[in-house]
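J.: Structure provided below as structure tokens; questions to follow.
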Amino acid sequence: MARSMKSYLPAACFRRGFTLVELLVAMGVMSLVVVMLTNLINGVTLTTDRSHRRIDADAGARVALDRLGLDLEKMLQRPDVDYAFHKYDGNDTISFYATTQGYGTASRPLSAIAYLINGNYQLDRGARTIAGADWQTPVFVSASTQSLNRTDIVNHDTSISEAKTTLAAIDYQTLCEDILRLEFAYLVKDAAGVRIAKDAPSKFENLRGLVVGVAALDARSRAMTTPAQLAQIAAGLIDAQDGKDILSLWDPVAGKPLAGVPEAATSNVRIYQRYYFLQ
Amino acid sequence: MIPQNSHRRGVALILVLSFVVLATTLIVAFFSRSILHRQVASTSGSQTRVDILAQSALEIVIGDLKQEIAAGSTANTVGGITIYTPISNRTVAPYDGDINRTLQPNLLKTSAFSKAVFSGTPYASGSTATIRASNALTTGTSANQRFISLGRWNAPLLLSSTGSLFTPTNFTAPHWIIVTRGNVGIHSTGPVISGTTFLGRNTGDTGPADKGIHNPAPSNTDYAIGRFAYTVYDEGGLLDVNVAGNRLGATDNDRRGRLHQADLSVIPGFTTTGPTDLLSWRTAATGTNTDDVAGEGGLFDPKRDFIAVQKTGTNSDQTFFNRQDLIAYVKNTPSQFSDTPTGLRYPALQYLSSFSREKNAPSWAPTSPTTTNPKLADIRAKNNTPMLKQRFPLSRIDLIRLETAADVLKYFGLEKESYYWKYVHGSAINTLDQVKDLERDPNFFELLKAAILAGSLGKSGKAGTASLPESATGVLSDLQILQIGANIIDQYDIDNLPTEIRLGSEAVYGVENLPYLVRVFGVHAAIDPGDPNKINGWLQPELWNPHQQATTSGTIRLRMVGQAHTLVENDSPSQPPPSAPAPLTTADAEITFNNSSTFENPTVLTAVPGTIYSSTNSIILSGTTYVGFQTGQVDAPANHTLYKIEPEVSYSFYLDYAVGTSGYRPYSVWKNINTALENLPAAAGKHGAFFVKADPRTDRFGASVGTVYNLAAGADGEIGKTIRMTGANGMTIASHAPTSGFTWNPATNFFLGLLSDNSSTSDGYYADPDGVVRRADGANWTGAEGLPLSPASAGRAIVLNRPFRSVGELSYAFRDLPFKSLDFFTAQSADAALLDVFSVDDNEVVAGRINPNTRNKQVLQAMLLGASKSGAAPTLSSTEADALAQAIVTWTGNSAPTQGPLLNRADLVTKLETVIGGAWTADADKANKTRRESAVRALADVSNTRTWNLMIDLIAQTGRYPTGVRPQPAETDPLNKYFVVEGERRYWLHLAIDRYTGEIVDKQLELVSQ
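If you read the protein sequences in the order shown, they are chains A and B.
Residues in the first sequence are numbered from 1 upward in steps of one, following our numbering.
Residues in the second sequence are numbered from 280 upward in steps of one, following our numbering.
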């Protein structure tokens, strides 16, 4: 059998095989090619991965900020209607009433809206068509609150609690899984003009709008972190200050390494900011 | 046979191809994802762009409106703050010259081809409004099949239509305003490109190559980035249904004057039970609570502004958040709203709004401004801002009852001393110009002085008639202002105790529902049976409460201060000496009576039960014991028949009211009678000669001397008669009638009663110091109607003794001139500005006002229907309300130079006298002042001409004209045909803008979801 096969092979093949050098060179070239291709593929993969992460974060933030903008455009700006732009150390919450449809059976499009960062460090939006909002039930949205005063939006704790009690956990839906930080500052009008302030103005008339900043971390980067590390990342993005917009506060620290947090995660923290004008 | 090396090459090829496929797949996947997200981002960006475009467009429209304000005004800039006073009544309202408002009552303007937001006279000739709109109708179809139908334009349901569809009739769709990089609006005469060449350079075109709205070259400022169009509605001419609607109970149902008393049943489109059901829903917490305590949320709470809803425990009122909410409500409550009677879709929505605001500040200006009567909107505080930031709330009068010293001083300039108030801001009432230097807000009396025409004050009857007794202070305008102020206070407070205010050494007393001294008869009689030649003289007072609701008034004391004596004379040189001066003792000088009479008609005091008097002060005449003040006994020889009573120097009469056990306080003084009362009837005990006042409530014009008209010899004069308008049983002024500035028909006698008419067509009248004859309360009397003197007449004065429910109720207050209350019914009124200076509402910005220049008759009708004609029944009928509303709408919509829009609340009086008067049919309504004023009372406090309430319906589209488009000049509608719409946004902006400052008072922006 071997012999018969041999008879079909070209003569040159029988004259000599591959030398060791040839094999080594060939293997070397092949290895080089494989390495180069691997690097190329890795590079492309890394690039597309980063792009995907950025696109995901951008898209998520855009959706969230657009949604917030639409809700704020329909916000009830009345002296007898409460709202709460509440600032905490760390993530803030934004609650208000808007003429938009939420979860519920009332036919009147009047809902309590809330934005907050949940325990998993994701941005939730709550929307509940409030009880008694239907035209058949003569109960106003803030009937149970006392001393509602448009001129004092700082002490609206009552309204905050009302908004929260109006919104049960079931009314919340995660609006963006990537967003881990929500911070806002006030746009305040005073004698000197319009300025950014961390504290609310004494009168609602002087509130011109909000500067809202969010920070996003894509799902893959999140997978590298623990909840504690997410908290650490969020805490690294400082709270609002007078005279500075959110972006200028966060830009020096966003994406920078944090002790104990994988750099692959911290480097993918992305920050966004938008201005909303209320009046 | 395949060579071995060929196999190897094939493997390499496969490997390479595999890598290529892999790489291509990755790249394609990456780019497809990127493109997808780019599209998403682009959409988001378009929304952001169109949002910015729409909001910028709104600012442009607002800017144009402000330009309209400036062009229609005389601007006065002080310290950088400008006040825009309308050039005429034509420019006090938004320009609507391009709209047929008979067909479209709510529409003011649209973005229309070749039209500006204002044009023509009387706008300032140098002010040219920008013409922005192109000739592309919004109903035209764009390149990607987008258009705005007429039905969509009528989404607010404010346009008239004649069918059952939303599509309006008699309405031309707005034109698009093209927004380019460099301009807002292109137009055939505009700054960019003319004719149809704006889309690109056609053959033969000249000019820069980079021009054209399709050319995205960075240097091309004509590149179009979007377009917008708008309509502007007169939302102020609608009923703000967040306020309007009458929930008053039956006993209060005739109240009108504020928008929450409007009768919605006149609005087309409500079902029979619709108004009630709507109000039950909307005012679930307030209900029919008519509480008038400030801050407590009742329907008459002066602090209640309806911008916020009321709450009671866990219940609350309701409100419509915006127009979309209102429309949805109407559509979802068929039990309250229907298509009937007109068959239109939801016709009620053409008359209803959910937004109204007014800067609650005055804007009246006199024809000839002076320091005393300035242009109120333009009077400045020390820092150059407008001094009058808010109409003076009438509810502050209650502070006087509460005696909150700091507030009374601040708002009234009064301090309490003993039982009376003392005006402490100087020896005179300041003008507003003087107040400016004091760096405080003007008080109640200073505002009265600023608002009441100075030329109407301080009228005296004494000048030229030296012997006519009159207080020397009658000519002091400030005292009359103080008197009017006291009268207003006593109309408002619930007690019947006159308010005393002192300015220096002078005092004024507010007029209450009390008897006043109208006449003092001089009577003589022989009371000593043993000596018939001894004659006693008496001054016998006659009191009268000239008000409609005259009633017994508790304990009243009449005092005579000073002395007089009796004289008997004849032609003989030997005259008996006069009597000793009398009265001699305090007891003799006082008469006290307690609930003895209502004094509804003039009544000479008699010794009825409850009357306390000195025994010397009575005289029995014809079986009746009359009570008066004896002036002494004299010898009266038989041939001595000329009797008279002469003052020692002078004497005065004081009327005092009892205050519990703390004594008496004066409320009316007839001062300084220093003239002899002569020509007493020769027959004893006859009432034929007297001093008489032109009006018992005022000392103005002093004491005229009178005799009973045509008194037969030996007859008793008729007592208990009012001062009639005609001679029969009336009183003739014998000698000392006021003359200076008075006109008396020499062919007739001086009937003081004529002054209660004071018409220049009557036989007796006077002109005010400024030469203007201003009619009195009886100006329109006819037959038995309208006379403020007649017994039980509906034309008689009223004392409310309750808080004012409308600023129009100020007209119940006595003006301190004979039978003149504050005048809200004649064109010559000097008091009309009070309607603009004062208000029931106590807020700087209020909701619930309507533009009296509305084209919607039904809106005015809702305020008028059911309004009380004179403080109680009867009320305005549907026919009357309709006639009045129609007359006003016709007047304000008339283009005649003397007619047209009302400038301010005062014009309700000075411009509409004929209109309102002509709308009445019954004599009782035509003739009686309070009834003629019922329309003013119903409309004054809700009328708003100062703040424009507009609704701007704006649609904005981002998009572009594709590069390279080359439409031919003859193509139809190229601006629509080639425009590619990328984003669209619609806003309804409810805008309240102060016509006098340009300030945005309030605004509400609705994002319209469609």
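From the three backbone atoms N, C-alpha and C, an ideal C-beta is built for every residue, glycine too.
#1: Would a check of beta-carbon distances place B/M1004 closer than 8 Å to chain A?
#2: Which first and last residues belong to the beta strand (DSSP E) in which B/D713 is found?
#3: Are B/A644 and B/K654 closer than 8 Å when you measure CB to CB?
#4: Quick one: does A/I113 have its CB under 8 Å from some CB of chain B?
#5: Any beta-carbon of chain A closer than 8 Å to the one on B/R312?
#6: Indicate whether B/L1144 and B/S1157 have their beta-carbon atoms separated by less than 8 Å.
#7: Would you say B/F309 faces chain A, with C-beta separation under 8 Å as the test?
#8: On the premise that B/L1079 lies in contact with B/Q842, defined as a C-beta separation below 8 Å, what is that separation, rounded to the nearest angstrom?
#9: Using a Cβ distance threshold of 8 Å, determine whether the region 42–61 of chain A contacts the region 266–278 of chain A, with at least three qualifying pairs required.
#10: Can you pull the chain A residues whose beta carbon is under 8 Å from the beta carbon of B/V319, in chain order?
#11: Near A/R220, what residues of its chain come up, given a Cβ to Cβ distance below 7 Å and the 5 sequence neighbours on each side ignored?
#12: By DSSP, does B/H704 sit in helix, in strand, or in coil?
#13: Taking B/N815 as the reference, which of B/V847, B/S1041, B/R534 has the closest Cα?
#14: In the structure shown, what three-state DSSP assignment does B/Y1044 receive?
#15: Nearest-angstrom Cα distance between B/G1203 and B/S1147?
#16: Helix, strand or coil, according to DSSP, for A/P227 in the structure here?
#17: Using DSSP with H/G/I as helix, E/B as strand and the rest coil, what is A/A143?
#18: Apart from the five residues just before and just after B/N1130, which ones in its own chain have a Cβ nearer than 8 Å to its Cβ?
#19: Output, in chain order, the set of chain A residues within a Cβ distance shorter than 9 Å of B/H1269.
#20: If I'm right that B/T417 touches B/A452 with Cβ under 8 Å, what's the distance once you round it to whole angstroms?
#21: What's the gap between the Cα of B/G833 and the Cα of B/E696?
#22: Can you check whether the C-beta of A/D152 is within less than 8 Å of a C-beta belonging to chain B?
#23: Does any C-beta atom of chain B lie closer than 8 Å to the C-beta of A/T158?
#24: List in chain order: all unbroken alpha helix (DSSP H) runs of 4+ residues lying wholly within the region 13–86 of chain A.
#25: Please name the residue, chosen from B/Y795, B/T845, B/S335, B/A1166, that lies closest to B/F872 on a Cα-to-Cα basis.
#26: Is DSSP giving A/A264 helix, strand or coil here?
#27: Helix, strand or coil: which one does DSSP assign to B/W455?
#28: What are the start and end residues of the alpha helix (DSSP H) that includes B/S559?
#29: So, helix, strand or coil for B/S931, using DSSP?
#30: Using the beta-carbon count (16 or more within 10 Å), is A/V21 buried or exposed?
#31: Suppose the cutoff is 6 Å on Cβ atoms and the five residues either side in sequence are ignored; what does the same chain contact list for B/A354 look like?
#32: Quick one: Cα of A/V139 to Cα of B/S595, how far?
#33: Give me the Cα-Cα distance between B/T1313 and A/A264, rounded to the nearest whole angstrom.
#34: Figure out for me which residue from B/A422, B/F450, B/R425, B/T420 has the closest Cα to the Cα of B/W432.
#35: Would you list the residues sitting across from B/Q231 in a DSSP beta bridge?
#36: Starting from the beta carbon of B/S323, find every residue of chain A whose beta carbon is closer than 7 Å, and list them in chain order.
T.: Inspection of the coordinates gives the following:
#1: Bear in mind that a pLDDT of 46 at B/M1004, under 50, signals an unreliable position, so the number given afterwards is only what the model happens to contain. For B/M1004, the answer is no, since every Cβ of chain A falls outside 8 Å of its Cβ.
#2: Here residue 713 of chain B is Gln; the residue named in the question, Asp, does not match the sequence. Residue range 711–717 is occupied by the alpha helix (DSSP H) that includes B/Q713, with no beta strand (DSSP E) assigned at that position.
#3: Annotated as proximal: B/A644 and B/K654, with beta-carbon spacing under 8 Å.
#4: Not one chain B Cβ lies under 8 Å of A/I113.
#5: Yes - at least one Cβ of chain A is within 8 Å of the one on B/R312.
#6: It is a contact, given that the beta carbons lie within the stated cut-off.
#7: Interface flag for B/F309 against chain A is set, since a Cβ pair is found closer than 8 Å.
#8: Your pair B/Q842 and B/L1079 does not check out as a contact, with CB atoms roughly 40 Å apart and the cut at 8 Å.
#9: Enough Cβ pairs lie closer than 8 Å, so yes.
#10: Here the neighbours are A59, R62.
#11: Shown here for A/R220: same chain residues with a beta carbon closer than 7 Å to its own, the five before and five after excluded, namely R53 in chain order.
#12: The three-state secondary structure of B/H704, taken from DSSP, is coil.
#13: Comparing Cα-Cα distances from B/N815 to each of B/V847, B/S1041, B/R534, the minimum goes to B/V847.
#14: In the displayed model, B/Y1044 falls within a strand according to three-state DSSP.
#15: The sequence shown places Ala at residue 1203 of chain B, not Gly. B/A1203 and B/S1147 have their C-alpha atoms spaced approximately 14 Å apart.
#16: Residue state, collapsed to three classes: helix.
#17: Unreliable placement is indicated for A/A143, whose pLDDT of 31 sits below 50; the coordinate value is still reported in the next sentence. A/A143 falls in the coil class under three-state DSSP.
#18: For B/N1130, where only same-chain residues beyond five positions count, the Cβ hits under 8 Å are A372, D513, G515, G516, S1222, N1223, T1224, N1228.
#19: Within 9 Å Cβ-Cβ: nothing; B/H1269 doesn't reach chain A, min ~12 Å.
#20: Rounded to whole angstroms, the Cβ separation of B/T417 and B/A452 is 5 Å, and the two are in contact under 8 Å.
#21: Here the alpha carbons of B/E696 and B/G833 stand approximately 25 Å from one another.
#22: With a pLDDT of only 29 at A/D152, under the threshold of 50, the placement of this residue in the model should not be trusted; the figure read from the coordinates follows. Output row for A/D152: interface = no.
#23: No answer about A/T158 holds up, because its pLDDT of 36 lies below 50 and its placement is not dependable.
#24: If we require 4 residues or more, the alpha helix (DSSP H) runs fully inside the region 13–86 of chain A come out as 20–73.
#25: Distance from the Cα of B/F872 is smallest, within the candidate group B/Y795, B/T845, B/S335, B/A1166, for B/Y795.
#26: It is helical.
#27: Looking at B/W455 - three-state DSSP - the assignment turns out to be coil, as it is neither helix nor strand.
#28: Looking at the DSSP string, the run of the alpha helix (DSSP H) that includes B/S559 is 553–561.
#29: Reduced to three states, the DSSP call for B/S931 is strand.
#30: Only exposed fits A/V21, as fewer than 16 other CB atoms lie within 10 angstroms of its CB.
#31: The residues are T361, Y363.
#32: Residue confidence is low: A/V139 scores 41 on pLDDT, short of 50, so the model does not pin down where it sits. No coordinate-derived value is stated.
#33: The shown model of chain B, from 280 to 1289, leaves out residue 1313 of chain B, and the question about it has no answer.
#34: Nearest C-alpha to B/W432: B/F450.
#35: Nothing can be reported for residue 231 of chain B: it is not among the residues displayed for chain B, which extend from 280 to 1289.
#36: Residues of chain A whose Cβ lies closer than 7 Å to the Cβ of B/S323 are, in chain order, R62, D66.
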